[in-house]
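All remarks here apply to the structure that follows.
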Amino acid sequence: MDIFSELTSHIGLGLATAVSIDNLFYCLLGVTIGMLVGVLPGIGAMAALSMLFPMSFYLDPTGALIMLSGIWYGTAYGGSTAAILLNVPGSPSSAVTSLDGYPMAQQGRAGIALFMTTVASFIGGSIGIVLMMLFSPAIAHYAIDFGSPEYFSLMLLGLVAASTMSNASFAKGMAMVALGILLGCVGTDLATGMRRMTFNMLPLADGIQIAALAMGLFGVPEVVYGIGKLRSEDVRTNKITFRSMVPTRDDWRRSWFPILRGTGLGSFFGVLPGTGPAIAAFVSYALEKRVAREPGRFGKGAIEGIVSPEAANNAADQTAFIPTLMLGIPGSAAMAIMIGALMIQGISPGPNFITAQPALFWGLVMSFWIGNLLLVLLNIPLIGLWVRLLQVPFQLLYPGIVLFVCIGVYSVSSSSFDVWIVVALGAMGLLMRMVNLPPAPLLLGFVLGPMMEEHFRRSLMFSQGDMTTFFTSPLSSVIMGITAVILLWGVFGHWSRRRRLALAGEA
Amino acid sequence: MVLSILGCGAAIYCAMNYPLGEFNNLGPGMFPTGAGLALAIFGLAIAIPAFFRGGPAAEINLRAALAVLVAIGVFAATANTFGLAPAAMLAVLVSILGDTRLRVVGAIVLAVALSVVATLIFVVGLGVALPIYRWPF
Numbered sequence: 065m066d067i068f069s070e071l072t073s074h075i076g077l078g079l080a081t082a083v084s085i086d087n088l089f090y091c092l093l094g095v096t097i098g099m100l101v102g103v104l105p106g107i108g109a110m111a112a113l114s115m116l117f118p119m120s121f122y123l124d125p126t127g128a129l130i131m132l133s134g135i136w137y138g139t140a141y142g143g144s145t146a147a148i149l150l151n152v153p154g155s156p157s158s159a160v161t162s163l164d165g166y167p168m169a170q171q172g173r174a175g176i177a178l179f180m181t182t183v184a185s186f187i188g189g190s191i192g193i194v195l196m197m198l199f200s201p202a203i204a205h206y207a208i209d210f211g212s213p214e215y216f217s218l219m220l221l222g223l224v225a226a227s228t229m230s231n232a233s234f235a236k237g238m239a240m241v242a243l244g245i246l247l248g249c250v251g252t253d254l255a256t257g258m259r260r261m262t263f264n265m266l267p268l269a270d271g272i273q274i275a276a277l278a279m280g281l282f283g284v285p286e287v288v289y290g291i292g293k294l295r296s297e298d299v300r301t302n303k304i305t306f307r308s309m310v311p312t313r314d315d316w317r318r319s320w321f322p323i324l325r326g327t328g329l330g331s332f333f334g335v336l337p338g339t340g341p342a343i344a345a346f347v348s349y350a351l352e353k354r355v356a357r358e359p360g361r362f363g364k365g366a367i368e369g370i371v372s373p374e375a376a377n378n379a380a381d382q383t384a385f386i387p388t389l390m391l392g393i394p395g396s397a398a399m400a401i402m403i404g405a406l407m408i409q410g411i412s413p414g415p416n417f418i419t420a421q422p423a424l425f426w427g428l429v430m431s432f433w434i435g436n437l438l439l440v441l442l443n444i445p446l447i448g449l450w451v452r453l454l455q456v457p458f459q460l461l462y463p464g465i466v467l468f469v470c471i472g473v474y475s476v477s478s479s480s481f482d483v484w485i486v487v488a489l490g491a492m493g494l495l496m497r498m499v500n501l502p503p504a505p506l507l508l509g510f511v512l513g514p515m516m517e518e519h520f521r522r523s524l525m526f527s528q529g530d531m532t533t534f535f536t537s538p539l540s541s542v543i544m545g546i547t548a549v550i551l552l553w554g555v556f557g558h559w560s561r562r563r564r565l566a567l568a569g570e571a
Numbered sequence: 318m319v320l321s322i323l324g325c326g327a328a329i330y331c332a333m334n335y336p337l338g339e340f341n342n343l344g345p346g347m348f349p350t351g352a353g354l355a356l357a358i359f360g361l362a363i364a365i366p367a368f369f370r371g372g373p374a375a376e377i378n379l380r381a382a383l384a385v386l387v388a389i390g391v392f393a394a395t396a397n398t399f400g401l402a403p404a405a406m407l408a409v410l411v412s413i414l415g416d417t418r419l420r421v422v423g424a425i426v427l428a429v430a431l432s433v434v435a436t437l438i439f440v441v442g443l444g445v446a447l448p449i450y451r452w453p454f
């Protein structure tokens with residue numbers, strides 16, 4: 065069977081799954097919530113994902129994943145709306161969009177900016193999906209030969225890369241990864257049945273719930289920092305009509321290549337561990353500024369400066385699923401939540417995922433298309449509604465979020481102990497945010513830690529305690545080499561930056 | 318400064334893990350010990366420069382933080398004894414204290430409305446095993 069007929073049959077299967085009434089509903093629900101959360105500054109994708117994560121247990125795996133991913137890429141669409149109209153990015157990945165989007169709104173071109181970001185998002189997302197469809201099977205096919213040493217090395221690479229790429233310093237990222245692994249160790253040891261770090265508290269024997277961790281680290285700090293800070297004022301609502309959305313021919317001409325460039329960069333950064341939509345958006349903005357004939361226009365309402373990052377962050381949103389589903393290695397905190405959702409449903413992502421769960425995989429991919437289409441529909445005709453939503457005061461919203469967090473965590477295993485854990489982890493999350501420690505590497509370490517331990521043990525079991533097993537297989541040694549390079553780069557890059565800062569301080 | 322405290326915490330954490338393991342033959346303590354060591358090393362790497370710099374910690378809205386954390390705690394404490402709806406209402410009321418812009422009437426209306434919505438979604442819609450209300454006395 066040649067590739068194309070195979071692909072068509074997969075697409076057929078995927079469509080059949082995605083178009084079922086239930087899954088369409090979950091898709092719509094997911095993207096609507098995503099859009100909502102994206103529009104509202106103060107709650108990000110991670111808070112929304114962790115809030116709705118417990119609800120996904122009550123759905124079947126396909127519906128659960130469709131809904132959660134809908135939230136994830138829906139925020140990318142919604143985030144740009146707040147960025148353009150309020151100059152407050154609704155999500156970190158659209159922070160750059162506000163650089164040129166808000167000036168456009170001030171010039172009375174908000175309609176065009178909103179329309180073009182939606183188009184750019186759709187194109188970026190679509191190309192990302194196509195890439196996912198083409199490359200996932202190939203990667204899965206290749207990865208099927210991976211043994212435990214390869215997996216261990218890959219996960220190590222993922223964690224090291226994630227802490228290098230995060231905004232904070234390298235040491236902070238690595239410390240958070242280590243802390244995450246430690247927290248992941250809490251509970252009963254799988255191999256020996258020994259209880260670790262439970263301090264004789266029985267409920268801890270099952271370990272810490274990923275939902276409780278995510279809510280404590282992301283949900284609680286986001287709500288607390290939102291209170292009192294967010295005021296809805298000065299929304300430029302009045303001038304957004306359909307007519308004002310029609311871009312000029314000049315806008316199209318300027319946008320075409322930036323969209324494609326942004327998509328390319330975004331797809332690339334989406335696959336890499338540790339980088340994600342936010343970094344993709346920043347890099348593509350920098351690139352557009354570099355290649356532009358008149359860089360001076362940037363920051364004053366250049367359309368290239370909004371379409372390229374928006375295409376990039378949406379493409380990255382989609383391609384991030386490739387390593388997550390095909391290797392079982394999440395590249396970002398949101399992907400770690402996806403893995404958590406799958407594992408709770410009893411499905412382990414990895415190279416066998418496509419063949420073992422064809423309906424789930426292709427259904428999910430097809431739901432991405434539907435979701436992206438829905439988002440375009442939600443965005444363009446309903447823009448007035450979203451704009452009005454921006455004016456809902458945060459003091460009416462956040463008690464509801466707090467309540468959702470409580471009941472959500474409780475419902476995971478009907479235990480109020482888990483809710484107490486959220487209190488403790490929430491306090492920790494707040495402290496971390498105060499001292500600028502990044503929570504994402506912690507969550508990644510938490511999810512990957514137990515898997516790493518298992519692969520580490522298994523590798524050493526096969527090699528009879530010989531540590532060189534990680535360097536004898538060619539693939540594993542290459543990965544270890546890359547990891548070492550990133551590690552060194554992280555350490556020295558940090559050091560030299562510090563020195564440069566010190567010099568600049570003296571001068 | 319807070320960072321250096323965190324570094325010390327990391328070291329203590331690590332020491333706590335030692336008795337658990339150090340079996341060379343892949344005992345249950347080995348992996349956490351390794352992670353604890355890594356945390357201690359990187360914690361020190363953060364703490365030492367931070368100690369000399371003495372940088373300012375980011376400001377935090379203490380009132381909001383307390384209100385949110387206490388609200389979650391109140392829910393945890395009351396959910397099992399009183400049931401979902403009263404716990405939800407209490408949690409909402411406490412969390413509202415974090416922000417000054419809502420008046421008493423508004424707060425009560427919001428608490429009741431949110432409890433009803435939450436009950437409908439979670440108990441009626443999703444079938445969470447938690448009674449809507451309960452009188453323990």
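If you read the protein sequences in the order shown, they are chains A and B. In terms of my numbering, the first sequence opens at residue 65 and continues consecutively. In terms of my numbering, the second sequence opens at residue 318 and continues consecutively. For each residue, glycine too, the CB sits at the ideal point set by N, CA and C.
8 Å contact criterion, which residue i and residue j should meet: CB distance rounded
i, j, result
"A:F216", "A:F534", "7 Å"
"A:M390", "A:S200", "5 Å"
"A:T81", "A:T126", "6 Å"
"A:S190", "A:P341", "16 Å between Cβ atoms; not a contact."
"A:P167", "A:G360", "Actually they do not touch by this definition, with Cβ atoms about 13 Å apart."
Beta carbon of residue i nearer than 7 Å to that of residue j
i, j, result
"A:M279", "A:V486", "yes"
"B:T395", "B:L407", "yes"
"A:T327", "A:G188", "yes"
"A:F458", "A:M115", "no"
"A:S69", "A:E374", "no"
"B:I438", "A:P463", "no"
"A:V101", "A:T161", "no"
"A:A482", "A:A276", "Correcting the residue type first, residue 482 of chain A is Asp in the shown sequence and not Ala. Taking 7 Å as the Cβ cut-off, A:D482 and A:A276 qualify as a contacting pair."
"A:A400", "A:L506", "no"
"A:I323", "A:V288", "no"
"B:A393", "A:W553", "no"
"A:F425", "A:I418", "yes"
"A:P514", "A:G94", "no"
"B:A428", "B:L410", "yes"
Pairwise C-alpha distance: residue j and residue i
i, j, result
"A:S412", "A:M544", "24 Å"
"A:G624", "A:G414", "Past the edges of chain A, shown from 65 to 571, lies residue 624 of chain A, and the structure says nothing about it."
"A:A397", "A:F282", "10 Å"
"A:L428", "A:V511", "22 Å"
"A:G237", "A:D124", "35 Å"
"A:A376", "B:A388", "39 Å"
"A:R497", "A:R313", "45 Å"
"A:M537", "A:M407", "In the sequence on display, residue 537 of chain A carries Ser and not Met. One C-alpha to the other measures close to 29 Å."
"B:F340", "A:A242", "Any answer about B:F340 is weak, because its pLDDT of 42 lies below 50 and its placement is not dependable; what the coordinates show is given next. Whole-angstrom Cα-Cα distance: 20 Å."
"A:I465", "A:I447", "24 Å"
"A:V83", "A:A423", "12 Å"
"B:V433", "A:P311", "45 Å"
Under the three-state DSSP convention, the category residue i falls into
i, result
"A:S162", "helix"
"A:D482", "helix"
"A:R317", "helix"
"A:G395", "coil"
"A:K364", "coil"
"B:M318", "Note on B:M318: pLDDT 48, under 50, position unreliable in the model; no value is reported."
"B:G390", "helix"
"A:H273", "Checking the sequence, you will find Gln at residue 273 of chain A rather than His. DSSP places A:Q273 in coil when its eight states are reduced to three."
"A:N436", "helix"
"A:D86", "helix"
"A:S296", "Model confidence at A:S296 stands at a pLDDT of 48, short of 50, so the residue's coordinates are unreliable; what they give is reported in the following sentence. Correct three-state label for A:S296: coil."
"A:A80", "helix"
"A:E518", "helix"
"A:N378", "helix"
"A:A384", "coil"
"A:I203", "helix"
Anything in the region 413-438 of chain B with a Cβ closer than 7 Å to a Cβ of chain A? List those residues in chain order, please. I413, G415, D416, R418, L419, L427, L431 and A435
Residues from the region 126-141 of chain A in contact with chain B, defined by Cβ distance under 8 Å: none
Contact list for the region 464-493 of chain A against chain B, Cβ threshold 7 Å: G464, V466, L467, V469, C470, I471, Y474, S475, S478, S480, V483, W484, V486, V487, G490 and A491
If you measure beta-carbon to beta-carbon, which residues of the region 390-409 of chain B are closer than 8 Å to chain A? G390, F392, A393, A394, A396, N397, L401, A404, A405, A408 and V409
The region 443-463 of chain A: which residues have C-beta closer than 9 Å to a C-beta of chain B, in chain order? P457, F458, Q459, L460, Y462 and P463
Taking a Cβ distance cut-off of 7 Å, strictly less, list which residues of the region 269-286 of chain A are near chain B, in chain order. V284
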